[in-house]
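Protein chains in written order, with the working numbering: chain S, 217 to 374; chain V, 16 to 360.
C-beta atoms are modelled at their ideal positions from N, C-alpha and C, and glycine is treated no differently.
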Amino acid sequence: MKKIVTLNVNGLDYETALEPRRTLAEALRYDLGLTGTKIGCKIGDCGACTVLIDGVPSSSCLVLAIEAEGHEIMTIEGVADGNKLHPLQEAFVEVGAIQCGFCTPGMVLTALALLKDNSDPTDAQIRRALSGNLCRCTGYQKIVEAVREAAKRMLRTC
Amino acid sequence: MSYWYKPERLMRLPQFDYHAPGNLVDALNWLRDNEHLNVRILAGGTDLLVDIRGKAIPDGHRPRCQEHRSGAWHARSSPPAEIDYMLALSHIPELRTISHDGNRLLIGSMTTIAELEDSADIRTKLSALSDGAAQLGSPLVRNRGTFGGNLCNARPAADTAIPTLALSGKLVLVSAHGERTVEHDDFVIGPGESVIKPDEILKEVIFDLPDNPSASAYIKLANRKALEISVVGAAASLTFERNDSSPGSTEIAGFGKVINARIALGAVAPKPLLIPDAGKALIGGELTDETILESARIASEKARPITDHRGSAEYRRMMVEVLVKRALTKCRERMLKQPVAEVQS
Chain S
217 MKKIVTLNVN GLDYETALEP RRTLAEALRY DLGLTGTKIG CKIGDCGACT
267 VLIDGVPSSS CLVLAIEAEG HEIMTIEGVA DGNKLHPLQE AFVEVGAIQC
317 GFCTPGMVLT ALALLKDNSD PTDAQIRRAL SGNLCRCTGY QKIVEAVREA
367 AKRMLRTC
Chain V
16 MSYWYKPERL MRLPQFDYHA PGNLVDALNW LRDNEHLNVR ILAGGTDLLV
66 DIRGKAIPDG HRPRCQEHRS GAWHARSSPP AEIDYMLALS HIPELRTISH
116 DGNRLLIGSM TTIAELEDSA DIRTKLSALS DGAAQLGSPL VRNRGTFGGN
166 LCNARPAADT AIPTLALSGK LVLVSAHGER TVEHDDFVIG PGESVIKPDE
216 ILKEVIFDLP DNPSASAYIK LANRKALEIS VVGAAASLTF ERNDSSPGST
266 EIAGFGKVIN ARIALGAVAP KPLLIPDAGK ALIGGELTDE TILESARIAS
316 EKARPITDHR GSAEYRRMMV EVLVKRALTK CRERMLKQPV AEVQS
């Protein structure tokens, strides 16, 4: 039986009727139309569906949408400020950390949470933080460089 | 091909209803009143939501290509689980606490793995558990997965279960009819099987903190640093005689003989395996290179590993010796608060 659930995504409340078995990833994509969140493996191995739940990176394929009620969810759509990309997104583009782009939303959100906790992470810390997000294209080097570059820029601006 | 093997049935989770009580008493009463239903208890969901999904591709111990060739491909796949209700514990704040009670540390079952990893109390007093938490799954799994969930899954390689066994964690199981405390060694009875009853919930795990100086460590051997199930895991927990003057003590200044030692192994038996003999080899003497080697040798003899795609039984047995040695060396390092060279056999 469907239940009425209010999801707070990127600062907006979305009220929607969901089956309890709906995962957060499915709800975001199919019910709310926020297709920036990708669904890869559906078993928590790939990290493509990463969203921030109360600022904490989580695999949205392993969270029931109904369990996310009452929490603040941030998806890739909420990272940029209107048409202006976040410095982290800019760094991903400029450094060449994006190839097919499927892992990118998850990578950006995980990196964003890392930079919030640790404004100047070492390469080892970046790699450890991103270890749950798989990328089959880049070989990770460019992604690590992008996060390092973004950290540098974000430190400069504030 | 059985009827459930249809892509659309594997796309989503199976149907279930959802109940999320706001406190433990309500949850237990609800479980008692709904005994006739097929209920699964949802903690972090990082394993449960994977397990209840039907599998087109089997996840047994043999590589996929072999399954396919032998024609057993479908037989080893599994249909989606049939569940009436999902009882979520996420709205019960009393289960998500880490607290002190005199000389005991109480860890609530809904404490996430990331919280275990970040807790300074656990890092200093239950170092092995902190080691295990830091190596479980990936950061994404650790952020959602819970201590109680990892224990109740009762997998033989669970990264928080091996340290819990070594550190003599006691599991408090509650039901509407009462409460019981079970040693971790008695809790798990086989792969994925534990003594927890359908109407029971794991409330917390109690660790007695020794007054005497103590150290513990957990070492995991795996092919990758993240998202990996260990080939072998070894945890050691040592308590020492207090010896402040330490005139005779050569090995560890300020600490005397070992008075209690527990060695636990993961992924070498159908359940987390305690090796009492490996602990006994250390008790009564100082922690020296010789006793470390002897203890590691005994652990390797007593392990009961199997061969699967993660490693052969022979390799696992050899690695038990190395890992126990490293875990004990790490304990020594933690007592001395400085790096020590690995013991060479």
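With distances taken from CA atoms, which of the options is nearest residue i?
{"i": "S:T320", "options": "S:M370, S:R369, S:I255, S:I282", "result": "S:I255"}
{"i": "S:L280", "options": "S:R369, S:T222, S:C353", "result": "S:T222"}
{"i": "V:A237", "options": "V:S229, V:L104, V:A249", "result": "V:A249"}
{"i": "S:L268", "options": "S:G294, S:F318, S:T251", "result": "S:G294"}
{"i": "S:G260", "options": "S:M217, S:L350, S:N299", "result": "S:L350"}
{"i": "V:R27", "options": "V:L64, V:D174, V:I56", "result": "V:L64"}
{"i": "V:K240", "options": "V:H51, V:A148, V:D136", "result": "V:A148"}
{"i": "V:S315", "options": "V:K295, V:I290, V:T322", "result": "V:I290"}
{"i": "S:T195", "options": "V:P154, V:L120, V:A129", "result": "Here chain S covers residues 217 to 374 and nothing more, so residue 195 of chain S does not appear."}
In whole angstroms, give me the CA-to-CA distance for residue i and residue j.
{"i": "V:P225", "j": "V:L182", "result": "10 Å"}
{"i": "V:A334", "j": "S:I289", "result": "As written in the sequence, residue 334 of chain V is Met, which differs from the Ala given in the question. Near 43 Å, if we compare the C-alpha coordinates of S:I289 and V:M334."}
{"i": "V:H34", "j": "V:T127", "result": "21 Å"}
{"i": "V:I278", "j": "S:V272", "result": "34 Å"}
{"i": "V:A356", "j": "V:R349", "result": "13 Å"}
{"i": "V:T61", "j": "V:T161", "result": "9 Å"}
{"i": "S:G249", "j": "V:G205", "result": "44 Å"}
{"i": "S:I314", "j": "S:D297", "result": "20 Å"}
{"i": "V:E256", "j": "V:S229", "result": "9 Å"}
{"i": "V:G299", "j": "V:A176", "result": "27 Å"}
{"i": "V:S264", "j": "V:I274", "result": "Here V:S264 scores only 48 on pLDDT, less than 50, and its place in the model should not be relied on; the value that follows carries that caveat. Each residue's alpha carbon lies about 14 Å from the other."}
{"i": "V:E336", "j": "V:K286", "result": "18 Å"}
{"i": "V:G207", "j": "V:G164", "result": "11 Å"}
{"i": "V:A311", "j": "V:D292", "result": "10 Å"}
{"i": "V:G117", "j": "V:V358", "result": "37 Å"}
{"i": "V:G271", "j": "V:K295", "result": "16 Å"}
{"i": "V:A169", "j": "S:L328", "result": "34 Å"}
{"i": "V:D223", "j": "V:H199", "result": "13 Å"}
Does any CB atom of chain S fall closer than 9 Å to the CB of residue i?
{"i": "V:R79", "result": "The predicted model places V:R79 with a pLDDT of 42, which falls under 50 and marks its position as unreliable; any figure quoted below should be read in that light. No - not a single Cβ of chain S is within 9 Å of the one on V:R79."}
{"i": "V:A35", "result": "yes"}
{"i": "V:G394", "result": "It is not possible to answer for residue 394 of chain V, since the shown part of chain V is limited to 16 through 360."}
{"i": "V:P73", "result": "Its pLDDT being 49, under 50, V:P73 is placed unreliably by the model, and the measurement read from it follows with that caveat. False, the Cβ-Cβ gap to chain S never drops below 9 Å."}
{"i": "V:A311", "result": "no"}
{"i": "V:V54", "result": "no"}
{"i": "V:F202", "result": "no"}
{"i": "V:A103", "result": "yes"}
{"i": "V:N238", "result": "no"}
{"i": "V:V247", "result": "no"}
{"i": "V:R170", "result": "no"}
{"i": "V:A129", "result": "yes"}
{"i": "V:N158", "result": "yes"}
{"i": "V:L151", "result": "no"}
{"i": "V:A42", "result": "no"}
{"i": "V:D32", "result": "yes"}
{"i": "V:A87", "result": "Only weak support exists for where V:A87 lies, its pLDDT of 42 falling under 50; the value from the coordinates is given anyway. For V:A87, the answer is no, since every Cβ of chain S falls outside 9 Å of its Cβ."}
Nearest chain V C-beta to residue i closer than 9 Å, yes or no?
{"i": "S:V279", "result": "yes"}
{"i": "S:N224", "result": "no"}
{"i": "S:E288", "result": "no"}
{"i": "S:D261", "result": "yes"}
{"i": "S:P337", "result": "no"}
{"i": "S:M217", "result": "yes"}
{"i": "S:V360", "result": "no"}
{"i": "S:V272", "result": "yes"}
{"i": "S:N334", "result": "no"}
{"i": "S:E231", "result": "no"}
{"i": "S:A345", "result": "yes"}
{"i": "S:T373", "result": "no"}
Pull up the DSSP beta-bridge partners for residue i, would you.
{"i": "V:F222", "result": "V:L120"}
{"i": "V:V203", "result": "V:S209"}
{"i": "V:K235", "result": "V:G248"}
{"i": "S:A233", "result": "S:I220"}
{"i": "V:G294", "result": "V:G294 pairs with nothing; no bridge assigned."}
{"i": "V:A230", "result": "V:L253"}
{"i": "V:L188", "result": "V:R195, V:L217"}
{"i": "S:N299", "result": "Its beta-bridge partners do not exist; DSSP assigns none."}
{"i": "V:H34", "result": "V:L102"}
{"i": "S:K274", "result": "Lys is not the amino acid found at residue 274 of chain S; the sequence shown has Ser there. According to DSSP, which records beta bridges pairwise, S:S274 is partnered with S:V267."}
Any beta-carbon of chain C closer than 9 Å to the one on residue i?
{"i": "V:K235", "result": "Absence of chain C from the displayed structure is noted, the protein chains being S and V."}
Below 8 Å, how does it come out for the region 267 to 283 of chain S and the region 239 to 252 of chain S: are there three or more Cβ pairs, yes or no? yes
Per the contact definition of three or more C-beta pairs closer than 8 Å, is the region 306 to 322 of chain V in contact with the region 339 to 355 of chain V? Under the 8 Å Cβ criterion, the region 339 to 355 of chain V counts as touching the region 306 to 322 of chain V, having at least three qualifying pairs.
With contact counted as at least three CB pairs below 8 Å, one residue from each stretch, are the region 175 to 194 of chain V and the region 210 to 228 of chain V in contact? yes
Are there three or more Cβ pairs, one per stretch, closer than 8 Å when the region 49 to 61 of chain V is compared with the region 93 to 112 of chain V? Yes: at least three Cβ pairs fall under 8 Å.
Would the region 135 to 147 of chain V count as touching the region 284 to 304 of chain V if we require 3 or more Cβ pairs under 8 Å? no
How do the region 339 to 348 of chain S and the region 301 to 314 of chain S stand: do at least 3 beta-carbon pairs fall below 8 Å, yes or no? For the pair of segments examined, the region 339 to 348 of chain S was found not to touch the region 301 to 314 of chain S: the number of CB pairs separated by less than 8 Å stays below three.
Closer than 8 Å is the cut-off here; do at least three beta carbon pairs connect the region 122 to 137 of chain V with the region 227 to 242 of chain S? no
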